[in-house]
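Undergrad: Here it is, the structure, as structure tokens.
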Amino acid sequence: MRPFPIARVRREFPALAQSPNGRPRVFMDNPAGTQLPRRVIDAISNAMVGAASNYGGFFENSRNAEAIHARAHGAMADFVNARSPDEIVVAQSMTALTLHVSRSLGRRWAPGDEIIVTRMDHEGNVSPWLLLAEDLDLVVKWLPFNLDTWRIEPEDLRTLLGPRTRLLALNAASNLTGSINDVAALAALARSAGALTYVDAVQLAPHRPIDVQALGCDFLVCSSYKYFGPHLGVLWGRRQLLDELTAYKVRCASDEPPWKWETGTPQTELLAGLAACVDYHDWLGREVSDADSRRTRIEAAYHAATDHEAGLATRLIDGILAIPGTTVHGITDPDQVAGRVPTVSMTHARMSPPQVAQRLARQGVCVWSGHNYALEAVRHLGIDEATGVLRIGLVHYNTGEEVDATLAALERALT
Ligand SMILES: Cc1ncc(COP(=O)(O)O)c(C=O)c1O
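To convert, take the position in the sequence shown, counting from 1, and add 252; that gives my numbering.
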């Protein structure tokens with residue numbers, strides 16, 4: 253593996269060169285959305301010139317639009333290691349996809365059936381299931397995360413599973429604490445009880461390669477604007493389920509996946525951006541390895557990025573802990589850094605997260621504050637949900653200098 257090409261990576265992202273008033277802007281708000289490589293921006297605008305036509309026409313721009321749809325689905329199939337592009341469904345957002353698929357799954361379930369949601373998940377993987385439970389009289393069981401390990405532990409899941417469990421909805425990584433769950437082990441337990449597993453991988457996808465075949469889940473969702481792409485949600489579903497389930501669609505739309513799940517006119521320009529975002533990961537894989545397929549280059553890109561991010565995360569966490577009055581809500585032990593993504597949430601004894609976030613913004617450091625829609629997680633941690641946490645989230649285009657600048661700005665903000 254070659255050294256991480258941070259200078260070349262940063263040159264790919266026009267937004268990183270912005271320095272309003274002569275002060276570089278430091279993007280540490282990445283868990284809320286990342287900046288875009290030039291190739292994604294260009295692909296979107298090119299599609300608006302050469303493919304802004306509907307599908308099924310007898311002319312070139314219509315065929316271009318269809319080709320973009322196929323390219324985006326093929327690229328995302330490699331990105332999550334799906335068996336086929338037909339298992340990929342693209343829509344407006346992860347939340348919209350989950351609301352849609354939950355309705356379809358609910359048609360198979362009866363009053364008294366049980367579903368499991370977690371105290372760790374973003375509302376996008378909680379509220380759709382709570383709404384469904386309300387409509388169908390399902391029993392909701394709450395799976396906590398362990399306050400020592402910061403993860404969901406298999407023994408806690410085991411106690412909730414039973415003959416009427418229909419679904420386990422859980423995240424692969426938390427958007428608040430950053431901890432990573434052992435999805436493969438948890439999905440295997442759910443499967444042994446006859447339940448389906450619906451995985452929210454929105455916060456894992458920017459930091460680890462996703463392999464739906466290895467995870468053994470039934471559905472997995474992610475959002476491309478969190479991993480350098482446009483504002484779209486992407487769902488992978490087990491082919492048999494995508495075939496069998498009834499989709500909420502108009503009568504004349506196709507009955508075949510993915511079309512039956514993507515009813516309405518596709519956002520072709522954003523699909524072009526989605527394909528280009530996978531091209532970006534592929535490019536990074538070429539920069540760091542000699543891997544000889546798109547999938548293996550994507551994996552190589554992630555392995556290099558994970559190493560780079562781990563160093564930054566440790567530097568950030570150590571720096572925060574050295575500031576008096578701070579608490580980090582998540583794994584802080586450098587030896588455990590592989591168990592988390594570099595999303596670091598903290599509180600301060602005296603100053604509220606929104607206050608600190610504003611002071612950081614004035615210094616050119618972009619971060620997030622609040623509960624970040626991880627409503628149950630802040631409640632489970634006993635944090636005031638009105639103010640939540642200060643969330644500082646890195647991705648692989650960040651640098652050690654930016655971490656130091658963030659820490660210096662944080663010290664100034666807290667004094
Ligand atoms: C873990 C997690 N799940 C789901 C979502 C919602 O994704 P979308 O905006 O695509 O609906 C987010 C957004 O921040 C998230 O962090």
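By construction, the Cβ of each residue, glycine as well, lies at the ideal position given by its N, Cα and C atoms.
Quick check on DSSP: helix, strand or coil for Cys469?
TA: Coil, per DSSP.
Undergrad: Starting from the C-beta of Arg490, find all residues in its chain whose C-beta is less than 8 Å away, skip the five residues before and the five after it, and write them out in chain order.
TA: Glu339, Asp470 and Phe471
Undergrad: If you count every other CB in all the chains shown that lies within 10 Å of the CB of Ala601, and 16 or more means buried, which is it?
TA: The residue is exposed, with fewer than 16 neighbouring Cβ atoms inside 10 Å.
Undergrad: From which residue to which residue does the beta strand (DSSP E) around Tyr554 run?
TA: In the DSSP assignment, Tyr554 falls outside any beta strand (DSSP E) and lies within the alpha helix (DSSP H) extending over Arg546 to Leu573.
Undergrad: Sort out for me which residues DSSP pairs Ala425 with in a bridge.
TA: Ile432
Undergrad: Can you tell me whether Gln455 sits near ligand 1, meaning its C-beta is under 7 Å from at least one heavy atom of the ligand?
TA: yes
Undergrad: At a threshold of 7 Å, does Tyr479 count as lining ligand 1 (C-beta to nearest heavy atom)?
TA: no
Undergrad: Is the distance from the Cβ of Ala565 to the Cβ of Ala552 below 8 Å?
TA: Going by C-beta atoms, Ala565 is not nearer than 8 Å to Ala552.
Undergrad: Measuring CB to CB, does Trp381 end up less than 8 Å from Ile404?
TA: no
Undergrad: If you count every other CB in all the chains shown that lies within 10 Å of the CB of Asn306, and 16 or more means buried, which is it?
TA: exposed
Undergrad: Measure the C-alpha to C-alpha separation of Gln287 and Gly364 and round it to an integer number of angstroms.
TA: Separation of Gln287 and Gly364 (C-alpha to C-alpha, rounded to the nearest whole angstrom) is 45 Å.
Undergrad: Within 7 Å: the Cβ of Pro482 and any heavy atom of ligand 1?
TA: no
Undergrad: Is Asn282 near ligand 1, with its Cβ less than 7 Å from a heavy atom?
TA: no
Undergrad: Curious, which full-length beta strand (DSSP E) runs of at least 3 residues does the region 452-505 contain?
TA: As far as the region 452-505 is concerned, its whole beta strand (DSSP E) runs of at least 3 residues are 471-475 and 485-489.
Undergrad: Use the C-beta contact count for Arg360: other C-beta atoms within 10 angstroms, 16 or more gives buried, fewer gives exposed.
TA: exposed
Undergrad: Can you give me the C-alpha to C-alpha distance between Leu506 and Glu514, rounded to a whole angstrom?
TA: According to the sequence as given, residue 506 is Ser; it is not Leu. Cα to Cα, the separation comes out at about 9 Å.
Undergrad: Check whether the Cβ atoms of Gly376 and Asp452 lie closer than 8 Å to each other.
TA: yes
Undergrad: Any idea what DSSP makes of His632, helix, strand or coil?
TA: It is helical.
Undergrad: Just to confirm, does Met346 get its C-beta within under 7 Å of one of the non-hydrogen atoms of ligand 1?
TA: yes
Undergrad: Asn377: beta carbon under 7 Å from a heavy atom of ligand 1?
TA: yes
Undergrad: Report the option in Ala499, Thr595 and Ala362 whose CA atom is closest to the CA atom of Gly430.
TA: Thr595
Undergrad: Can you tell me which of Gly582, Glu663, Ala609 and Ala657 puts its alpha carbon nearest to the alpha carbon of Leu399?
TA: Gly582
Undergrad: Could you check whether the Cβ of Tyr625 sits closer than 7 Å to any heavy atom belonging to ligand 1?
TA: yes
Undergrad: Quick one, which of Thr558, Arg323 and His374 has its alpha-carbon nearest Ser475's?
TA: His374
Undergrad: With DSSP as the reference, please indicate the residues paired to Val391 in a beta bridge.
TA: Glu366
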